[in-house]
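Undergrad: I am attaching a structure below and will ask some questions about it afterwards.
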Amino acid sequence: MLTLYFAPGSSSMAPHIALHEIGAAFEARPMSFRHRDMQSASYLKLNPAGKVPTLLIDDRPLTEVAAILFYLARRFPDAELLPPQDIETEAQALSWMSFIAATLHPARQKGLDHAREVYRIADRRLGANWALGAHYSIADIHLFRLYWRLFNSLKPVPGTFPNLDAHYARMMARPAVKKTIEIEGAIGYELPA
Ligand SMILES: N[C@@H](CCC(=O)N[C@@H](CS)C(=O)NCC(=O)O)C(=O)O
């Protein structure tokens with residue numbers, strides 16, 4: 544049994560999309576920033592960092608977006624969210640997800656100039672294709688959630704990040720992304736400013 548603890552629009556959007564891509568059965572547990580749900584004693588036992596997402600695998604918590612995406616991709620190989628048994632491409636996915644978690648995610652806290660600089664790096668690295676080239680993967684899902692947030696909050700001038708804009712448009716056309724946004728939007732966004 545899988546249970547996803549998520550807060551609409553936050554980092555947890557990435558595993559939420561992946562679960563819809565896979566079509567796996569899971570229980571969805573919405574969490575509220577406003578009600579400080581992530582600070583409750585019961586949740587801190589699952590995720591001592593007090594952050595979403597957490598994926599419960601039966602009763603075992605798995606935290607961190609990159610780890611959850613990797614687990615889902617490998618547990619449900621038919622969804623092909625990672626190329627099968629290709630160590631180098633798998634390492635490239637980890638490279639992207641490390642960059643996304645360590646560099647893109649905290650970028651806005653370091654100021655707008657810094658955010659622009661690191662998103663320019665992501666734009667150049669991405670190029671015109673998916674993150675791993677021809678193969679759509681968990682790295683695209685992770686990247687999309689970060690750019691979705693920037694796109695809808697800072698609203699960069701069109702053309703500033705042409706490859707990320709094109710990637711965003713391709714992602715927004717995917718049924719799993721539409722479904723996730725529909726569900727999360729209906730619950731309501733409480734993202735910190
Ligand atoms: N490194 C973590 C970051 C998760 C994270 O920062 N989550 C934020 C939402 S985007 C959160 O839950 N914050 C809790 C709070 O602000 O109370 C991951 O990749 O899963």
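Mind the numbering: the sequence shown is residues 544 to 736 in the numbering used here, read in order.
Glycine included, each C-beta is placed from N, C-alpha and C at the ideal position.
None of these values were measured; they are calculated from a predicted model.
Output the distance between the C-alpha atoms of aspartate 666 and asparagine 706, rounded to the nearest integer angstrom.
TA: Their backbone Cα atoms lie some 5 Å apart in a straight line.
Undergrad: When the distance is taken between beta carbons, is leucine 612 closer than 9 Å to proline 558?
TA: yes
Undergrad: Is it buried or exposed for leucine 689, if we count other Cβ within 10 angstroms and need 16 for buried?
TA: buried
Undergrad: Using DSSP with H/G/I as helix, E/B as strand and the rest coil, what is alanine 644?
TA: helix
Undergrad: Find the nearest neighbour of histidine 722 within the set Ala658, Leu547, Gln582, Met556, judged by alpha-carbon distance.
TA: Looking at the sequence shown, residue 722 is not histidine but lysine. Among Ala658, Leu547, Gln582, Met556, the Cα nearest to that of lysine 722 belongs to Met556.
Undergrad: From what residue to what residue does the beta strand (DSSP E) around leucine 624 run?
TA: First-last for leucine 624: undefined, no H or E at that position.
Undergrad: Within the 9 Å Cβ cut-off, does leucine 647 reach chain D?
TA: As a matter of chain content, chain D is missing from the structure shown, which is built from one protein chain.
Undergrad: Quick check on the burial criterion: 16 or more other C-beta atoms within 10 angstroms. Buried or exposed for aspartate 683?
TA: buried
Undergrad: Is it buried or exposed for threonine 703, if we count other Cβ within 10 angstroms and need 16 for buried?
TA: exposed
Undergrad: Ligand 1 and lysine 698: does any heavy atom of the ligand fall closer than 8 Å to the residue's C-beta?
TA: no
Undergrad: Identify the residues that DSSP records as bridge partners of glutamate 570: which are they?
TA: Beta bridge pairing from DSSP links glutamate 570 with Thr546.
Undergrad: Since I believe valine 595 is in contact with histidine 685 (beta carbons under 8 Å), could you give me their beta-carbon distance rounded to a whole number of angstroms?
TA: So it is not a contact: roughly 14 Å between Cβ atoms.
Undergrad: Would you kindly work out how many angstroms separate the C-alpha atoms of arginine 659 and proline 699, rounded to a whole number?
TA: 9 Å
Undergrad: Going by Cα to Cα distance, which pick from Arg692, Leu697, His710 is closest to isoleucine 724?
TA: Arg692
Undergrad: How long is the line joining the alpha carbons of alanine 622 and alanine 616, rounded to whole angstroms?
TA: 7 Å
Undergrad: Name the residue from Ile730, Tyr679, Gly566 whose alpha carbon lies nearest to the alpha carbon of proline 627.
TA: Tyr679
Undergrad: Going by beta carbon distance, what residues of the same chain come within less than 7 Å of glycine 670, once the five residues before and after it are set aside?
TA: Around glycine 670: Asn706.
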